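Each remark here refers to the structure printed beneath this line.
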Amino acid sequence: MRWSKALIPTLKENPADAVAPSHQLLLRAGMVRQLGAGAYSYLPLGLRVLQKATNIVRQEMDAAGALELLMPALQPVDLWKESGRYETFGDLLMQLKTSGGTHVALGPTHEEVITDIVRGLIRSYKQLPVTMYQIQTKFRDEPRPRFGILRTREFLMKDAYSFDANVDQLSTSYDAMYEAYCKIFDRCGIPYVIVEAESGPIGGDSSHEFMVPSSTGEDTIIQCASSGYAANVERAEVGKIDWPAPANPDAPAYVSVSTPYKRTIAEVCKFLKIAESASAKLLVFLADGNPVSVLIRGDHEANEPKLRRAFGAKTLVAADPDSIQKATGVPIGFLGPVGIKIPLMVDQSVAAMPTVVVGGNEVDIHFTGVVPGRDFVLDQVGDLRNAVAGDPCPKSGAPMTVSQGIEIGHVFKLGTKYSKAMGANYLDDKGQEIPIIMGCYGIGVNRIVAAAVEAGHDSNGIIWPLALAPYQVAIVPLQTTNPEVVALTDSIEKCLVEAGLDVIVDDREARPGVKFKDIDLIGIPLRIVIGERGLKEGTLEVKWRTDGAAHNVPVATAAETIRDEVLTKQRAEAAECEQRKIARGVQSS
RNA sequence: CGGGGUGUAGCGCAGCCUGGUAGCGCGCCUGCCUUGGGAGCAGGAGGUCAGCAGUUCGAAUCUGCUCACCCCGACCA
Numbered sequence: 050m051r052w053s054k055a056l057i058p059t060l061k062e063n064p065a066d067a068v069a070p071s072h073q074l075l076l077r078a079g080m081v082r083q084l085g086a087g088a089y090s091y092l093p094l095g096l097r098v099l100q101k102a103t104n105i106v107r108q109e110m111d112a113a114g115a116l117e118l119l120m121p122a123l124q125p126v127d128l129w130k131e132s133g134r135y136e137t138f139g140d141l142l143m144q145l146k147t148s149g150g151t152h153v154a155l156g157p158t159h160e161e162v163i164t165d166i167v168r169g170l171i172r173s174y175k176q177l178p179v180t181m182y183q184i185q186t187k188f189r190d191e192p193r194p195r196f197g198i199l200r201t202r203e204f205l206m207k208d209a210y211s212f213d214a215n216v217d218q219l220s221t222s223y224d225a226m227y228e229a230y231c232k233i234f235d236r237c238g239i240p241y242v243i244v245e246a247e248s249g250p251i252g253g254d255s256s257h258e259f260m261v262p263s264s265t266g267e268d269t270i271i272q273c274a275s276s277g278y279a280a281n282v283e284r285a286e287v288g289k290i291d292w293p294a295p296a297n298p299d300a301p302a303y304v305s306v307s308t309p310y311k312r313t314i315a316e317v318c319k320f321l322k323i324a325e326s327a328s329a330k331l332l333v334f335l336a337d338g339n340p341v342s343v344l345i346r347g348d349h350e351a352n353e354p355k356l357r358r359a360f361g362a363k364t365l366v367a368a369d370p371d372s373i374q375k376a377t378g379v380p381i382g383f384l385g386p387v388g389i390k391i392p393l394m395v396d397q398s399v400a401a402m403p404t405v406v407v408g409g410n411e412v413d414i415h416f417t418g419v420v421p422g423r424d425f426v427l428d429q430v431g432d433l434r435n436a437v438a439g440d441p442c443p444k445s446g447a448p449m450t451v452s453q454g455i456e457i458g459h460v461f462k463l464g465t466k467y468s469k470a471m472g473a474n475y476l477d478d479k480g481q482e483i484p485i486i487m488g489c490y491g492i493g494v495n496r497i498v499a500a501a502v503e504a505g506h507d508s509n510g511i512i513w514p515l516a517l518a519p520y521q522v523a524i525v526p527l528q529t530t531n532p533e534v535v536a537l538t539d540s541i542e543k544c545l546v547e548a549g550l551d552v553i554v555d556d557r558e559a560r561p562g563v564k565f566k567d568i569d570l571i572g573i574p575l576r577i578v579i580g581e582r583g584l585k586e587g588t589l590e591v592k593w594r595t596d597g598a599a600h601n602v603p604v605a606t607a608a609e610t611i612r613d614e615v616l617t618k619q620r621a622e623a624a625e626c627e628q629r630k631i632a633r634g635v636q637s638s
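Residues in the first sequence are numbered from 50 upward in steps of one, following my numbering.
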């Protein structure tokens, strides 16, 4: 490919709207252009990267035995009502009406459609297991698209769905996808951590997210260096915290203080001149419709899935101020555990406090010096909140750390949620009708591209891994009118292309500095410079994007030398992937 | 959906307060010159100043409404 024909509109300056590094660099490198909020065009160069990621995903899905199919983005809303997700998906679902009046939606995901297909096709246990996938555009009416191509209203997703006869089969299918994901991200050359994620009805370790560490990431990861435990904050457990605090028989009785108009934790603590961690807040939820209360330290956040499990409830929602008043007789802002009439659960961090400041269950009143266990009961204590930095690891007890990550993949054991709701059953060997057990597995393909840039860039631009680079090699002929330079350029290009490499020749009539800057910006892994100066000495210059300096190779054998250098690097990366695979095998056994 | 901000040439911005010929840098086109890290000189093209409605002799500038985009938060199967 000739640069002059490639349409690569690089920008010297950062577009004002771009904040995230990947957003800035993909724009500046001429890879994407914004059409509207959360909608991006991929220009030729950007599309090449997206397609390289797509190809790797497809190859590994095929290798894992998944069957590719293609489902429509346009889906009847009735299908969503059938699964029960029309309500839960809410405004995120893009909806429209056909000219005939049919109410349709643009698919944000495809559990409903694939389940509809399968219930018509699969009848017998002999047809199971089967896993199918597609690579297709998804639509979600995100209330706030952001960070360039990281969160958009329209995006390319690889979504796979497994169908199994029993839980053991599901585990096998799940493990195959899990392993395929590791291979995909290894091959893409992007760093990732696998974290436990909040899971559905089956529970246990049935959901994992693949995260690329990045400060731009929207997800919070809790990790323990000593045990290797890693989980999304939505899921992360807090290890055992000792409670109650040693009893102090001399502790004075709690004191009622006037706190007029001080409702929030921040207001109360500021007013009383105490740290938020010295206070506790009583939160009221409706567990399957019944009011329940939870006591959490002032600086902590409640974790609703943990609460739902703790109360053994199917649904758990925060109670609105009216129902709180009705259930407790106390207006929001002054609730406390002392003498509370509804069921109370206490987070272990509160149970461990010697004394605590809480609401007085009366307008404009808070209590100080309240002793857990003395002034309110501690018969229901547990891990009810989001983990924070320094919390003990559930495995090792060592302090855990907090970091940000970009979710690029998610594997999930669904169970029979959709097959039951939509009647996707099979007949077992005894002729019994049984709901098919499902799993779903998603990869945000655009996010692979964005995450690769977030993880690989410097002040000069993008640093693509060889596997994703739009072109692996750029050749820069410095004197485009010198026949010797041109001939050498052509012969090296030919040799590399024949070896299966993607090569771009910067044939522009521009000064060398312009070309070097652009090649660095768009992140081409290997740069070859051919100039009269080097030719006099019989050499040309080769520089890797990741290296600080260039090295010279003799002209006579240049094409083969460079070809072998790139192929060797490719093989080294493949070997690295293999090493990781072996290491994973050792870990899991 | 709440809070904040911004819309002027492809990109980055000034002009607005105090109404009176729409500007600068980069990029783009022509020519000369130059050629190993975003050169220099000369000439040139390109704008319904986001839109609509007011005020005014006259609006990029003042007023009102609308729209779009960005950031923080809420939300995120």
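All residues carry an ideal CB built from backbone N, CA and C; glycine is no exception. As the structure is a computational prediction, the values presented were derived from the model and not from experiment.
Distance between Glu131 and Ser468, taken at the CA atoms: about 11 angstroms. Per DSSP, the beta-bridge partners of Pro484 are Asn474. Tyr241 sits buried, since 16 or more C-beta atoms from the chains shown fall within 10 Å of its C-beta. The alpha-carbon of Phe196 is positioned some 12 angstroms away from that of Ala88.
Between Val426 and Val387, the alpha-carbon positions lie close to 9 angstroms from each other. Closest in alpha carbon position to Gly79, among Thr103, Trp52 and Lys101, is Trp52.
The DSSP-derived three-state label of Pro370 is helix.
Taking a cut-off of 8 angstroms for Cβ pairs, the region 174-193 and the region 201-221 touch, as three or more such pairs fall below it. Looking at the DSSP output, Ala336 sits in a beta bridge with Asn339 and Leu365. Sixteen is the threshold: since fewer than 16 other Cβ atoms of the shown chains lie within 10 Å of the Cβ of Lys543, the residue is exposed. DSSP places Phe259 within a strand segment (E or B) once states are collapsed to three. In this structure, the CA atom of Lys146 is about 52 angstroms from the CA atom of Val407. For Arg582, the closest C-alpha among the options Val604, Arg557 and Ala246 is that of Val604. Around the CB of Gln521, 16 or more other CB atoms lie within 10 Å, so the residue is classed as buried.
Comparing alpha-carbon positions, the option among Val282, Glu609, Ile579 and Arg496 lying closest to Glu533 turns out to be Ile579. The region 489-498 and the region 458-475 touch, with no fewer than 3 CB-CB distances between them shorter than 8 angstroms. For Leu205, the enclosing beta strand (DSSP E) has its first and last residue at Glu203 to Asp213. Of all alpha-carbon atoms in Tyr91, Leu123 and Glu625, the one lying nearest the alpha-carbon of Leu56 is that of Tyr91.
Scanning Ile391, Ala246, Val552 and Pro295 for the CA closest to the CA of Glu456 turns up Ala246. Within the region 502-581, complete beta strand (DSSP E) segments of at least 3 residues are found at 522-526, 552-554 and 575-579, given in chain order. Nearest neighbour of Ile243 by Cα position, chosen from Cys237, Val261 and Arg236, turns out to be Val261.
Rounded to whole angstroms, Gly382 and Leu332 show a C-alpha spacing of 10 angstroms. Gly149 and Glu161 have their alpha carbons spaced roughly 23 angstroms apart. Considering only Thr151, Pro93, Thr164 and Gln528, the residue with the shortest C-alpha distance to Thr465 is Thr164. Judged by DSSP secondary structure, Lys187 falls within the beta strand (DSSP E) whose first and last residues are Val179 to Phe188. Between the alpha carbons of Ala400 and Lys289 lies a distance of about 12 angstroms.
Between the C-alpha atoms of Val405 and Ala351 there is a straight-line separation of about 17 angstroms. Sequence-distant Cβ neighbours of Asn63 in its own chain, meaning closer than 6 angstroms and more than five residues away, are Gln73.
By the neighbour-count criterion, in which 16 or more other beta carbons inside 10 Å mark a residue as buried, Tyr210 falls on the buried side. For Lys585, the secondary structure class from DSSP, reduced to helix, strand or coil, is helix. Gly361 and Pro340 have their alpha carbons spaced roughly 13 angstroms apart. Put simply, the backbone Cα of Asp66 is about 16 angstroms away from that of Thr59. Straight across, the Cα-Cα distance linking Thr265 with Val167 is about 39 angstroms.
With a beta-carbon spacing of about 13 angstroms, Leu344 and Asp428 fall beyond the 8 angstroms limit used to define contacts. Per DSSP, His152 lies in no alpha helix (DSSP H) segment; the continuous beta strand (DSSP E) that holds it begins and ends at His152 to Leu155. Thr221 and Leu99 have their alpha carbons spaced roughly 30 angstroms apart.
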